[in-house]
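Just add 255 to wherever you are in the sequence shown, counting from 1, and you've got the numbering used here.
Cβ coordinates follow ideal geometry from the N, Cα and C atoms, glycine included.
Here the structure is a predicted model, which is why all the values come from computation and not from measurement.
These notes concern the structure reproduced below.
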Amino acid sequence: MTSFEYVGWKNACLPRLYYTQLDSTKRNAVAVTEHSFFTEHGAQHSQLAVGSSVRLHSAAQSADPFIGASDRPENIVTTQVVHVNAFADLIILKAVGGDRFYEQDGHVMAKPLDGTEYLLISINNNVLAVKHGNVISAIPNSQGHIRGTSGSDKGDSGGAVCNRAGEVIGMCIAVDKLPVQGSSDARGPYVHQSGDRMIFCSAENIAFSLGMLGESVTLELPELEI
256 MTSFEYVGWK NACLPRLYYT QLDSTKRNAV AVTEHSFFTE HGAQHSQLAV
306 GSSVRLHSAA QSADPFIGAS DRPENIVTTQ VVHVNAFADL IILKAVGGDR
356 FYEQDGHVMA KPLDGTEYLL ISINNNVLAV KHGNVISAIP NSQGHIRGTS
406 GSDKGDSGGA VCNRAGEVIG MCIAVDKLPV QGSSDARGPY VHQSGDRMIF
456 CSAENIAFSL GMLGESVTLE LPELEI
């Protein structure tokens with residue numbers, strides 16, 4: 256991937272990413288329809304309940320040369336918590352008062368497939384972070400979570416997982432720490448560890464959750480690469 260392609264891909268993903276600022280730390284949220292947002296049920300967000308009012312800031316505007324651009328009224332969406340699923344680590348927020356996801360251009364979500372290449376994009380430790388990986392298997396576990404090769408850090412939770420088209424295929428939930436394994440060879444004993452795995456909630460689970468609230472969402476099915 257060239258640096259030009261990488262920048263274009265990152266910029267296609269950025270409009271999907273928003274963040275909360277309930278204290279001094281920014282926490283991620285993902286725009287998935289014109290009026291619907293998802294975030295992870297953890298850290299400060301674990302205190303949110305149905306009916307809680309939450310202001311979301313546009314991450315795409317955080318890099319604006321004008322200091323505080325993400326705090327301009329046009330870059331803030333006022334939302335309300337409409338559903339909390341602690342088992343699946345999901346919170347659904349709906350825009351209120353006429354606010355909406357500022358850029359709605361065709362399909363926003365797509366079905367993840369085995370091997371799908373993705374970027375995990377988040378506000379981590381108050382700065383933009385991007386990680387690259389591939390879907391290991393699109394078959395979800397009982398919580399609707401699947402794994403990717405990129406790994407993730409603590410601050411990535413709630414970040415957008417996007418395919419090459421900039422469509423959301425999931426939302427980062429956690430990192431799966433792989434155990435350190437011991438082995439030995441002619442040089443003696445040593446330890447090695449494969450890369451950690453990123454756990455994310457699939458777009459299918461997100462669409463299902465929205466459907467339970469009466470909102471119909473169509474997932475784009477990417478063409479298979481041959």
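Asked, Found
"Can you have a look at Phe293 and say buried or exposed, based on whether 16 or more other CB atoms are within 10 angstroms of its CB?", "buried"
"Gly413 and Asn379 - do their beta-carbons sit closer together than 8 Å?", "no"
"Sorted by chain position, which residues of the same chain lie with C-beta nearer than 8 Å to Ile481's C-beta, five sequence neighbours on each side aside?", "Per-residue confidence for Ile481 stands at a pLDDT of 40, beneath the threshold of 50, marking its modelled position as unreliable; the derived number appears in the next sentence. Same-chain partners within the cutoff: there are none."
"Tell whether a beta-carbon distance below 8 Å holds between Asn389 and Thr371.", "yes"
"Please identify the residue among Val423, Val472, Leu303 and Leu374 whose C-alpha is closest to the C-alpha of Ile346.", "Leu303"
"Of the choices Gly306, Ile401 and Gln299, whose alpha-carbon is the least far from that of Leu277?", "Gln299"
"Excluding sequence positions up to five away, which residues of its chain have a Cβ less than 6 Å from the Cβ of Ala315?", "Leu269 and Pro270"
"Given a cut-off of 8 Å on the beta-carbon distance, is the pair Asn283 and Ser377 in contact?", "yes"
"Answer with buried or exposed for Gly352, where buried requires no fewer than 16 other C-beta atoms within 10 angstroms of its C-beta.", "exposed"
"Let me check one thing: in DSSP terms, what residues is Thr275 bridge-paired to?", "Arg282"
"Looking at the unbroken alpha helix (DSSP H) that takes in Lys265, where does it start and where does it end?", "Ser258 to Cys268"
"Does DSSP put Gly425 in a helix, in a strand, or in coil?", "strand"
"Which residues mark the beginning and the end of the alpha helix (DSSP H) in which Phe342 is found?", "Note, Phe342: premise wrong, no alpha helix (DSSP H); not H, not E."
"Find the nearest neighbour of Ala415 within the set Thr334, Ala341 and Pro367, judged by alpha-carbon distance.", "Pro367"
"Within a Cβ cutoff of 8 Å, which residues of the same chain sit near Leu348, ignoring the five residues on either side of it in sequence?", "Ala284, Ser291, Phe292, Phe293, Thr294, Val309, Leu311, Thr334, Gln335, Val336 and Val337"
"Let me check understanding here. Comparing Cα to Cα, which of Glu459, Asp344, Gly263 and Leu474 lies closest to Ser301?", "Asp344"
"Our contact map puts Ile512 next to Ala429 with C-beta atoms below 8 Å; I'd like the distance itself, whole angstroms only.", "There is no way to answer for residue 512, as the model of the chain reaches only from 256 to 481."
"Less than 8 Å separating the beta-carbons of Leu468 and Ala458?", "no"
"Going by DSSP, which residues form a beta bridge with Met467?", "Looking at the DSSP assignment, Met467 forms no beta bridge with any residue, so it has no partner."
"When you compare each of Gly421, Ala384, Gly399 and Val385 to Trp264 by their alpha carbons, which one comes out closest?", "Gly421"
"Taking its Cβ as the centre, do 16 or more other Cβ atoms sit within 10 Å of Gly403, making it buried, or is it exposed?", "buried"
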